[in-house]
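In this note's numbering, the protein residues as written are 17 to 305.
Just so it is clear, CB atoms sit at the ideal spot from N, CA and C, and this is done for glycine as well.
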């Protein structure tokens, strides 16, 4: 007895889903491998330049302190972002085109900026409510990096571009294809969780997951990473600006910045006055090129 067309369709669909999930796994694995390889190469070169011997380098590698100074971290993030961007674009894993910008979405991008500014304080407030602290070694290294002027270009430009290409342009694009966009929030949620997981610590994950949901939504509605790159860039740049212009401590709490709890609540309320209208405007205006 010959299999029915339904059986063939089901089998083909399962093969397509399996192939898509393998692709997503490959994208994620390649991104992680690039990070590991670049970390080892940059770290070893930096330690050799500082005069460390082989046994000291091995010790640094084992305890995770290879990238402890700001300049080395900047070099690592810059090389990692450039390599990942070039690889994903050249391989066609994250297709790029000018079509979205050629549609002149200036009003949309304006509201993306407003939305981004409106997320900064509320997301920080939610993160503080959980009271999860970043690991001490990570915090020291991150603080050292933020004191380097060039870190603004690295964190504000290169890293957002690379991560949007990988997690929205490649991973989310593939997941949306698998779900035929009918279950787009499932695809967006999976990409947001993967995006948070690669940051490697719970403190950042609590902030990155809701950010990843917004970035995924922007991509789903536009088929472009441009709105996400802008939002991602503003979020990363804010950390640099606050650290260098407001407080020297990147882990400063909102009350340290605003002085009193009442002022913190006022700041959260003002931010929501930006966030809610911007979200409404984008829900109306977002469209594909």
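Looking only at 212, 219 and 122, the smallest Cα-Cα distance to residue 152 is reached by 219. By the Cβ criterion, the stretch 110 to 120 is not in contact with the stretch 83 to 96, since fewer than three pairs of Cβ atoms, one from each stretch, lie closer than 8 angstroms. Three or more Cβ pairs drawn from the stretch 49 to 67 and the stretch 82 to 91 lie within less than 8 angstroms of each other, which places the two stretches in contact. For residue 189 and residue 245, the gap between their C-alpha atoms comes out near 15 angstroms. Relative to residue 222, the option among 56, 144 and 124 whose CA is nearest is 144.
Rounded to whole angstroms, the separation of the alpha carbons of residue 301 and residue 293 is 12 angstroms. Residue 184 is a Cβ neighbour of residue 235, given a cutoff of 7 angstroms.
At the C-beta level, residue 161 and residue 270 stay beyond 7 angstroms of one another. Taking the Cα of residue 132 as reference, the smallest distance to any Cα among 168, 261, 248 and 239 is reached at 248.
Annotation for residue 79: the continuous alpha helix (DSSP H) segment containing it runs 70 to 79.
About 5 angstroms separates the Cβ atoms of residue 47 and residue 182, confirming a contact at the 8 angstroms cut-off.
Taking 7 angstroms as the cut-off, the beta carbon of residue 262 is found no closer than this to the beta carbon of residue 138. Here residue 254 is not near residue 178, since their CB atoms are 7 angstroms or more apart. Exclusion of the five residues before and after residue 140 leaves 270 as the residues of its chain whose Cβ lies within less than 7 angstroms of its Cβ. Note on geometry: alpha-carbon atoms of residue 58 and residue 37 lie some 32 angstroms from one another.
Listed in chain order, the non-local C-beta contacts of residue 87 below 7 angstroms within the same chain comprise 164, local neighbours out to five positions each way being set aside. In its chain, beyond the 5 residues on either side, 92, 95, 96 and 99 have a beta carbon closer than 8 angstroms to the beta carbon of residue 54. Here DSSP, grouped into helix, strand and coil, assigns residue 302 to coil.
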